[in-house]
Every structure is written in C-alpha cells, then in structure tokens.
C-alpha cells in the first residue's frame, strides 16, 4: 500500500527535450553553436583576464619602484656592485616586456599574456638572479606576481583548449555538411549523364538497326546482282594476273642469273659500254615501275648480241636447260618477255576498267555510304557506352561516399549537442537509367 501511494504521488521526472534539426537548418545551428563556444570562453576566462591585468599592473609598479630603490645596506660591496649594474638592464627589459597590454578576444589576449609570461620568466632567471640579495623584498614581489600571472594563464589554457576542441568539432561537422552537399551535386550530374547516355544509346541502336536493314535491303535490289557479276570477273582476272606473274618469273629469274655473270665477264674484259647496258637491264628486271617494264624488251634486245658472243667464246657458261632455251638465239628471250608483259598489261587494264565500273554502280556507292555510316554509328555507340559506364561508376562512388559522410555528420552533430540529434538528412534519389 505504501509503495502504491509513493508511486502515485512521486514527482514525474521531466523528459529530456529532443533536439530536432532539418538538414537545411544545420549550418545556422553550427554558427550558433560556435558563437556559444565563444561566449562560454569569454565568460570562463574573464576572471583570469582580470587577474592577469592586475598581475601585470603590479609588476609595472614593482619595476618602477625598483628603478629608484637603494637596496639592502648590509649586502657585501662586491655583490652590491653586481646588483647595481644588473638593475638598469633588468628594469629596462621588464618595462619593455610589460609595455604590451593584452587585449582583444580571449585567444588574442591569451597569446599576448603567454608571450609576456615567457619573456618575464627569462628576465627573472637572467638579470633578476643578481638582484635577489640587494632587493629581496622587491624580487619576492616580482616572483609572486609572475607566479600569479602563470597560474591564471594556465587556467585560461584549459578553457581555450576546450574551446578549440569545440570549434574543431564544429569545423568537422561543417566539412561533413559541405561534403554531403557536394556529393548531392556530383550524384545529380552523374545521374544526368547516365540518362543522357542511355537516351543517346537508344538513338544509336535505332539508327544502327535502320542502317543494317538498309544494307540488307540493298543486297536484294536487282542492280546488286551486277556487282556480284563484276566482282567475279575481277577475281578471274586476278587469277590470270598471278599466272602471268609466274610466267614472267620463269623468264626473269634465269635471265637475271645469266646477265649478272655476263656483267662480270664484261667488266673483266674492259667493255664498259656492255657492262653499263647489262646493268640497265638488271635494273629494269628488278624494278617495279611501268617504265622499267617497257624498257625490259628493248634493253634485252640490245644486250643479247654481246651476251651470245660471250657464250660462243666460252667466257660465259650456261648452267641449265632454262638458260640454254632462253639464250640459244637473240629472239627467244625478248619475244617471250614482250608476250607476257603485253598480256600482263592487258589483264591489268581489264581489271582496272572493271574496278571503275564496279565503283560507279549505284548499289556499290550506296553500300559504301551505308557501311561508312554504320562504322561511324558503332564508334559513337561505343563511346557513349563507355561514358555511361564511367558515369555509373561515379554515381556508385558518390552513393558509398554519401553513406559514410552522412554517418560522420550524425556522429559529429551528436557530439556537439551532447545528445542524440534527430536530423533528417535527405537520401540520394534512386538510380535511374
């Protein structure tokens, strides 16, 4: 019964108010929180700043008094002399150190006061150590004021350290917020690129299908059969040209072998004219220009008498039946060359005429145009597909980074507020293709 009455009249504990923030409100809340850190720092350090001003003022008064002080009369003369010489240096140094009055916000005030303390300690440990014997009371007051100054600066150090830690938390939360905004923009750009590339790919696929259909329809046209007919004739002429080429080789190869030996024989006998003519024949046989082919017959006719003379005289020995057949008289080799070269020229002219006729066919012209267009469309499609893949990868990276940075922002905001903050951070839109 007592427990029931106690529970009935127990004072209800006030529920902790939940801090709710929208994503858009966060920057203003961070600014407000940073301002609050500044106010708390100012309030926390105000007593120390006032005490520091007082300690500095006391030091100035002591130093000013020491400038005219006589000191302890009972000090040894030698020590008195040292102290008297050190006093002006000490007071001048301290006056310069104390000339700077700390001011500004707590951190600027702290920086000036800390530097003043550091310099005052150096002066006390330096010239000041020679003054303790002659001015014991004054130096005792100096040291006490310096200790007070150090104590208050230490107190300020704790408050400033807390404030700096708080500002660092604010800055980290701002960075997370800025990262989320940046990622939202990058995600939107990447998603737009995915959509644009997808649309472009649909258009490219449609155009490729249409072009492929046009090519297929072209091959069904009646005039396309003419193309097949001409191509077949061209292939037949190519076979004939290969056969003629082999016939030319059966004449040139043994002839080149004989003429090279003849060139050496002529060189030994000192017949420069014959040597030069044979050299021109060999150049024509091994050359590839039409002029070389035209010269082969006439040059061969010119060199045959001298070559046959070398054979009859025994200076040039023929090695096989092909050489004997071609060099048994002055007409066999030139006549054979003339025949096969004319045949080669006829076949080439016929093939060139057919190729011109083929290229002029409307169906072939249209086929080339469509094939070129199809190749270009496929290149464009490949480029768009690669661009879409890159954009999709960028979008996936942005999603992962957004999830990490969102958790960072929640954690940092909770740490700043000292409680869980209910904050609606928007999700990224779902991917669309």
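Residue numbers (the numbering used here): 25 to 457. Heads up, the beta-carbon is just placed ideally off N, CA and C, and yes, glycines get one too. Bear in mind that the values here come from a model prediction, so they are computed numbers and not experimental data.
Quiz item: Where are the beta strand (DSSP E) runs, 3 residues long or more, that stay fully inside the region 302–353, in chain order?
Solution: none
| request: From the DSSP output, in three-state form, read off residue 382 for me. | output: helix
Measuring CB to CB, does residue 251 end up less than 8 Å from residue 382? yes
First and last residue of the alpha helix (DSSP H) that includes residue 46?
Premise fails: residue 46 lies in the beta strand (DSSP E), 43–46, not in any alpha helix (DSSP H).
With a Cβ-Cβ cutoff of 8 Å, do residue 225 and residue 371 count as a contact?
no
Review point. What residue range is occupied by the uninterrupted alpha helix (DSSP H) comprising residue 81?
Key: 50–90
So, do the region 112–126 and the region 57–70 have three or more beta carbon pairs nearer to each other than 8 Å?
no
Requested in this report: Determine, using beta-carbon pairs with one atom in the region 257–277 and one in the region 237–248, whether at least three such pairs fall under 8 Å.
Outcome: no
Check: With which residues is residue 446 paired in a DSSP beta bridge?
Finding: 44
Problem set entry | Same chain, Cβ closer than 7 Å to residue 47, five either side skipped, listed in chain order | 447, 448, 449, 450
inquiry  = On the DSSP letters alone, give me the boundaries of the alpha helix (DSSP H) that residue 162 sits inside.
reply    = 160–242
* **Reduced DSSP category for residue 37 - H, G, I as helix; E, B as strand; rest coil** => For residue 37, the predicted model reports a pLDDT of 49, less than 50, meaning its position is unreliable and no value from the coordinates is stated.
- Where residue 124 sits in the DSSP three-state scheme: coil
Taking the alpha helix (DSSP H) that residue 130 belongs to, which residues open and close that run? 130–149
Q.
Using C-beta distances below 6 Å, list every residue in its chain close to residue 137, excluding the 5 sequence neighbours before and after it, in chain order.
A. 76, 126, 177
Problem - Beta-carbon proximity list for residue 286, same chain, < 7 Å, skipping 5 on both sides - result: 302, 331, 334, 340
- Proximal residues to residue 228 (C-beta, below 7 Å), its chain only, five neighbours per side dropped: 401, 404, 405, 408
Review point. Just the Cα atoms here: how many angstroms apart are residue 434 and residue 214?
Key: 25 Å
Quick check: the Cα distance between residue 87 and residue 179, rounded to an integer number of angstroms?
25 Å
Discussion item. Using only the alpha-carbon positions, how far apart do residue 82 and residue 160 sit?
Written reply: 16 Å
Which whole-angstrom value describes the C-beta separation of residue 361 and residue 275, a residue pair presumed to lie in contact below a C-beta threshold of 8 Å?
6 Å
Determine the closest residue to residue 182 out of 310, 69, 418, 155, with distance taken between C-alpha atoms.
69
Task: Same chain, Cβ closer than 7 Å to residue 319, neighbours up to 5 away in sequence not counted - done: 308
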